[in-house]
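Going down the list, the protein sequences come from chains A and B. Residue 1 is where the first sequence starts when you use this note's numbering, and the numbers rise one by one after that. Residue 1 is where the second sequence starts when you use this note's numbering, and the numbers rise one by one after that. Here a beta-carbon is modelled for each residue, glycine too, at the ideal position from N, C-alpha and C. Just so we're clear, the structure is a prediction, and the values are computed from it rather than from any experiment. Working notes, structure below.
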Amino acid sequence: MKTVIKTSNLVKIYNSSVAPVKAVDNVNIEFKEGEFTSIVGPSGSGKTTFLNLIGGLDKPTDGHVLIEDVDISTMKEGKLFDFRLKNIGFVFQSYNLIPVLTAKENVSFIMLLQKQSKEKMNKRAEEMLKQVGLSDRLNSRPSQLSGGQQQRVAVARALASKPKFVLADEPTANLDTESAFNLLDIMSRLNEEENITLIFSTHDQRVIDRAKRVVTLVDGAVSKDEAFER
Amino acid sequence: MNYSVQLCGKKITCKILTMKLILTLAWRNLWRNKRRTLITISSVLFAVILAVFFFSMERGSYERMIDTMVRYSTGYIQVQDVKYDEEPSMDYAMFFDEDIKDLLKEFDDEISYHVPRIESFALAAADEVTRGSMVRGIDPGLENKMSELADDLVEGEFIERGDEGLLIAEGFAGILNVTIGDTLILLGQGFQGVSASGLYPIKGIVELSLPEMNNNTIYMSLDAAQWFYAAENRLTSLIIMPENPSRTDQLAEKLNSKIDSEWYNVLTWEEMLTDLLAMMQFDMAGTWVLMIILYIVISFGLFGTILTMMIERRREFRLLFSLGLKRSKLAAVCFLESVFITFTGAISGMILAFPVVLYFYHNPIPLTGGMAETIMDYGFEPVLPFSLAPSVFYSQALIVLIISFLVGLFPVYKVFKFKITDQKT
Chain A
1 MKTVIKTSNL VKIYNSSVAP VKAVDNVNIE FKEGEFTSIV GPSGSGKTTF LNLIGGLDKP
61 TDGHVLIEDV DISTMKEGKL FDFRLKNIGF VFQSYNLIPV LTAKENVSFI MLLQKQSKEK
121 MNKRAEEMLK QVGLSDRLNS RPSQLSGGQQ QRVAVARALA SKPKFVLADE PTANLDTESA
181 FNLLDIMSRL NEEENITLIF STHDQRVIDR AKRVVTLVDG AVSKDEAFER
Chain B
1 MNYSVQLCGK KITCKILTMK LILTLAWRNL WRNKRRTLIT ISSVLFAVIL AVFFFSMERG
61 SYERMIDTMV RYSTGYIQVQ DVKYDEEPSM DYAMFFDEDI KDLLKEFDDE ISYHVPRIES
121 FALAAADEVT RGSMVRGIDP GLENKMSELA DDLVEGEFIE RGDEGLLIAE GFAGILNVTI
181 GDTLILLGQG FQGVSASGLY PIKGIVELSL PEMNNNTIYM SLDAAQWFYA AENRLTSLII
241 MPENPSRTDQ LAEKLNSKID SEWYNVLTWE EMLTDLLAMM QFDMAGTWVL MIILYIVISF
301 GLFGTILTMM IERRREFRLL FSLGLKRSKL AAVCFLESVF ITFTGAISGM ILAFPVVLYF
361 YHNPIPLTGG MAETIMDYGF EPVLPFSLAP SVFYSQALIV LIISFLVGLF PVYKVFKFKI
421 TDQKT
């Protein structure tokens, strides 16, 4: 399997007012195409910072992030925006959807920014919402959807544009058990069907139990990297 | 070629879709908090209504003053003797010669008509009362064309060319206690110091709208006045009415360039009414100061709304940047939100202000008491007229546009400074 993401001596230091904080400490890791990986660790271990770095939302203090051999750590902001748009999907813990757009418009959002044709966009959006079981809620706004439904729309949006990988930062944290399982089922299925790399940061054991690979971060460094047959 | 056309068409469609997205986001964002948006729009709306109302009232007064002065007194352009403006004396009555007549012919296509006048002071004596008066020698037909003087006739008959009878203003007739058929003695000083005197029957009485004129004016035919003042072929002013009043300045400039400036002077109504215009500008400045203060207050309210909208959407901004929306596009969304709020308020304000202004345009507010007396002292009718000039409305739109632009710059600045991984989000 080809390598989608590779980090090389990745370091992120925040210069806080009290003392500098090393949020990511010399991480060297690779993620392959189609992997379903959980990044776990205690609070403050650097999970979110690590995701921000490989997602191009933040710049490393040192080291490199290569996405299919393209170094994004030194990219200028404009190019980074375009790169993120074409290659990376995001699902956040909360506040995932644009409140004033409908479910269909939210899913179409990235494809519209990618300048895809209207027909292709509409077709793909409807198809993805059907995949996540929300074909009857195309014209509902986020305020009219439950938490679980909102997360499913977010997953549909993240995958609709067929990115190289999707980063999910604690996507099940605010969900009840049933909704969490539903979401995980959908993401697992789409991971297999679309062969898109999924990387979760999570505390949720339900997510960890589904992951084929679990990377443990402690104090910003990789302490464990385990693969599982599931 | 087909591929190029298809590619170009696709690019245009994509641009349109992106524009549509930006406009959709901006418009829908306004209504996330309906109450707040409506309050902000209402503040702009009421400010615009107030501003339009006051400007219309102020401009209406000025338009009425200018219109009255132009119609009854100055006309749009006057040709005078070069010294008459400084010293309005019969001795500086100009000669209405062939040069002037040729000049009028040369610009015939730009001149609608001209109105000759000779006017000066004279004592008017009735049986028991003697008063100073403004005696105006006129061509009745042309004078009527300009000021519709015949419509002001309340008693008797209008004078004709060559007539020996007089028209007297109603107020003055009351002061002198005269009526139709009575005879007035006029005594004055004519051209180059010649004594001017004559007996004239009153043929008609006119009611003039300017109270000051209504209390001292006498009209007589031009021929009779020229004879009275021993000023044959002379005029104190030749009023020129242009075909297009908005091109008064241009016509005056052309006349000035052709006329013999050693003997004649060409003046526009603005040059003749400098004191009045200065008073108007001073008065208008006061209104502008009040309106600016009002708009500054409104701007802060608008700014507060925009600031709140920015602060409550930090997480949304992070999401949008994460998804790949560029700063310039998000800045455009935020800028448009400011524009939409202000313009919605402004357009609504103008729409609501229009019927109000229209009503008062047709029904000017009558003044009473001290204010009425003050207005009349200046020689004007004691009413508050309103103006429907488009500039009264679009000037407010322009101010609102500037406000929305300035306030809209703040969210643009904030968007470009926004840190995607700020811990506060």
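Nearest to Asp69 of chain A (by Cα), restricted to the options A:Gln149, A:Leu112, A:Lys162 and A:Ser8: The sequence position of residue 69 of chain A within the first sequence is 69, counting from 1. Ranking the options by Cα distance to Asp69 of chain A, first place goes to A:Ser8.
Proximity of Leu175 of chain A and Gly147 of chain A at Cβ, strictly below 9 Å: The residue given as residue 175 of chain A occupies position 175 in the first sequence. The residue given as residue 147 of chain A occupies position 147 in the first sequence. Cβ atoms of Leu175 of chain A and Gly147 of chain A: closer than 9 Å.
Can you tell me the Cα-Cα spacing of Ala93 of chain B and Ile239 of chain B, whole angstroms? Position 93 of the second sequence, counted from the first residue, corresponds to residue 93 of chain B. Position 239 of the second sequence, counted from the first residue, corresponds to residue 239 of chain B. Rounded to whole angstroms, Ala93 of chain B to Ile239 of chain B spans 13 Å at the Cα level.
If we ignore side chains and look at the alpha-carbon of each, how far apart do Gln189 of chain B and Leu153 of chain B end up? What you label residue 189 of chain B is simply residue 189 of the second sequence in a count that begins at 1. What you label residue 153 of chain B is simply residue 153 of the second sequence in a count that begins at 1. Rounded to the nearest angstrom, the two C-alpha atoms are 29 Å apart.
Are any of the Cβ atoms in chain A nearer than 9 Å to that of Gly304 of chain B? Looking up residue 304 of chain B in the second sequence gives position 304. Chain A contact via Cβ: absent.
From A:Lys162, A:Gly220, A:His203 and A:Leu184, residue whose alpha carbon lies closest to that of Lys86 of chain A: Taking the first residue of the first sequence as 1, we reach residue 86 of chain A at position 86. Minimum Cα distance to Lys86 of chain A is reached at A:Lys162.
Classify Glu119 of chain B: buried if its beta carbon has 16 or more other beta carbons within 10 angstroms, exposed otherwise. What you label residue 119 of chain B is simply residue 119 of the second sequence in a count that begins at 1. Per the 10 Å Cβ criterion, buried.
From what residue to what residue does the alpha helix (DSSP H) around Met75 of chain A run? As a first step, residue 75 of chain A is located in the first sequence; it is residue number 75 there, counting from the start. Unbroken run through Met75 of chain A: none, as it is neither H nor E.
Among B:Phe158, B:Asp102, B:Phe228 and B:Gly193, which one has its Cα closest to the Cα of Val135 of chain B? Taking the second sequence and counting its residues from 1, one reaches residue 135 of chain B at position 135. It is B:Phe228.
Counterpart residues of Arg234 of chain B in DSSP-defined beta bridges: Reading the second sequence from its first residue, position 234 is the one you call residue 234 of chain B. B:Phe95, per the DSSP bridge assignment.
Reducing DSSP to helix, strand and coil, say where Gly220 of chain A ends up. If you number the first sequence from 1, residue 220 of chain A lands on position 220. In the structure shown, Gly220 of chain A sits in coil (DSSP, three-state: anything other than H, G, I, E or B).
Taking beta-carbon pairs under 9 Å, can you tell me which members of the segment 73 to 85 of chain A lie near chain B? Glu77, Gly78, Phe81, Asp82, Phe83, Arg84 and Leu85
Between Ile41 of chain B and chain A, is any beta-carbon pair separated by less than 9 Å? As a position in the second sequence, residue 41 of chain B is number 41, starting the count at 1. With 9 Å as the cut-off, Ile41 of chain B does not count as an interface residue toward chain A.
So Glu251 of chain B and Phe96 of chain B are in contact, right, with Cβ under 8 Å, and what is the actual spacing, rounded? Taking the second sequence and counting its residues from 1, the one referred to as residue 251 of chain B is at position 251. Taking the second sequence and counting its residues from 1, the one referred to as residue 96 of chain B is at position 96. In the sequence as presented, Glu is not what sits at residue 251 of chain B; that position holds Leu. That pair is no contact at about 19 Å.
Could you tell me which residues DSSP pairs with Ile13 of chain A in its beta bridges? In the first sequence, counting from the first residue as 1, residue 13 of chain A sits at position 13. Paired residue(s): A:Lys22.
Using a Cβ cut-off of 9 Å (strictly closer), state whether Asp25 of chain A contacts chain B. Along the first sequence, read from residue 1 onward, the residue named residue 25 of chain A stands at position 25. It does not; no Cβ of chain B falls within 9 Å.
Which residues in the same chain have their Cβ closer than 8 Å to the Cβ of Pro42 of chain A, if we skip the five residues on either side of it in sequence? The sequence position of residue 42 of chain A within the first sequence is 42, counting from 1. Correct list, in chain order: Val218.
Is Arg32 of chain B close to chain A, meaning its C-beta is less than 9 Å from at least one C-beta of that chain? Looking up residue 32 of chain B in the second sequence gives position 32. Yes - at least one Cβ of chain A is within 9 Å of the one on Arg32 of chain B.
Starting from Ile185 of chain B, follow its DSSP beta bridges and name the residues at the other end. By 1-based counting over the second sequence, the position of residue 185 of chain B is 185. Paired residue(s): B:Ala125 and B:Leu199.
Selection of the segment 112 to 134 of chain A by Cβ proximity to chain B, strictly under 9 Å: Leu112, Leu113, Gln114, Lys115, Gln116, Ser117, Lys118 and Met121
Compute the Euclidean distance between the alpha carbons of Asn2 of chain B and Lys11 of chain B, then round it to the nearest angstrom. Residue 2 of chain B sits at position 2 when you count from the first residue of the second sequence. Residue 11 of chain B sits at position 11 when you count from the first residue of the second sequence. Note that Asn2 of chain B scores a pLDDT of 49, beneath 50, so its modelled location is shaky; the value from the coordinates is reported in the next line. Going by the C-alpha atoms only, they are around 14 Å apart.
Compute the distance between the beta-carbons of Phe56 of chain B and Phe386 of chain B, then report whether it is under 9 Å. Taking the first residue of the second sequence as 1, we reach residue 56 of chain B at position 56. Taking the first residue of the second sequence as 1, we reach residue 386 of chain B at position 386. Sequence inspection shows Ser at residue 56 of chain B; the Phe mentioned does not correspond to that position. Going by C-beta atoms, Ser56 of chain B is nearer than 9 Å to Phe386 of chain B.
Write down the C-beta distance between Ala168 of chain A and Leu198 of chain A rounded to the nearest angstrom, noting that I regard them as a contact closer than 8 Å. Your numbering for residue 168 of chain A matches position 168 in the first sequence. Your numbering for residue 198 of chain A matches position 198 in the first sequence. Right, their Cβ atoms sit about 7 Å apart.
How far does the alpha helix (DSSP H) with Phe36 of chain A in it reach, from first residue to last? In the first sequence, counting from the first residue as 1, residue 36 of chain A sits at position 36. That residue, Phe36 of chain A, is in no alpha helix (DSSP H); its beta strand (DSSP E) goes Phe36 to Val40.
Between which residues of its own chain and Leu235 of chain B is the CB-CB distance below 7 Å, once the five residues before and five after are set aside? Within the second sequence, the letter at position 235 stands for residue 235 of chain B. The answer, listed in chain order, is Ala93, Met94, Phe96, Pro116, Arg117 and Ile118.
Classification of Trp31 of chain B by the beta-carbon crowding that lies within 10 angstroms, buried from 16 upward: Sequence index remark: in the second sequence, residue 31 of chain B carries index 31 (1-based). Classification of Trp31 of chain B: exposed, given that the 10 Å Cβ count is below 16.
Just confirm the distance between the C-beta atoms of Val392 of chain B and Val82 of chain B, as a whole number of angstroms; I'd bet it's less than 8 Å. Position 392 of the second sequence holds residue 392 of chain B. Position 82 of the second sequence holds residue 82 of chain B. Not quite, the Cβ-Cβ distance comes to about 39 Å (not below 8 Å), so this is no contact.
Within 10 angstroms of the Cβ of Thr274 of chain B, are there 16 or more other Cβ atoms? Answer buried if so, exposed if not. For the purposes of this step, residue 274 of chain B is taken as residue 274 along the second sequence, with counting starting at 1. Exposed, because fewer than 16 other Cβ atoms sit within 10 Å of the Cβ of Thr274 of chain B.
Who are His114 of chain B's beta bridge partners in DSSP? Numbered from its first residue, the second sequence carries residue 114 of chain B at position 114. DSSP lists B:Ile240 as partners of His114 of chain B.
Going by alpha carbons, who is nearest to Arg190 of chain A out of A:Ser17, A:Gln205 and A:Glu35? Counting from one through the first sequence, the residue named residue 190 of chain A turns up at place 190. Residue identity check: residue 190 of chain A is Leu in the sequence provided, not Arg. Residue A:Glu35 is the option with its Cα nearest to Leu190 of chain A.
Below-9 Å beta-carbon distance, Ile420 of chain B vs any chain A residue: Indexing the second sequence from 1 puts residue 420 of chain B at position 420. Yes, contact with chain A.
Is Asp204 of chain A close to chain B, meaning its C-beta is less than 9 Å from at least one C-beta of that chain? The sequence position of residue 204 of chain A within the first sequence is 204, counting from 1. No - not a single Cβ of chain B is within 9 Å of the one on Asp204 of chain A.
Note down the Cα distance separating Thr102 of chain A from Ala125 of chain A, rounded to an integer number of angstroms. Translated into positions along the first sequence, residue 102 of chain A becomes position 102. Translated into positions along the first sequence, residue 125 of chain A becomes position 125. Going by the C-alpha atoms only, they are around 11 Å apart.
Please compile the residues from chain A whose C-beta is within a distance smaller than 9 Å of the C-beta of Ser338 of chain B. Counting from 1 along the second sequence, the entry for residue 338 of chain B is found at position 338. Correct list: empty, because the minimum Cβ distance to chain A is about 16 Å.
With a threshold of 9 Å between beta carbons, is Thr24 of chain B in contact with chain A? Against the second sequence, residue 24 of chain B aligns to sequence position 24. By this cut-off, Thr24 of chain B is an interface position.
Select from the segment 151 to 164 of chain A all residues with a C-beta closer than 7 Å to any C-beta belonging to chain B, and list them in chain order. none
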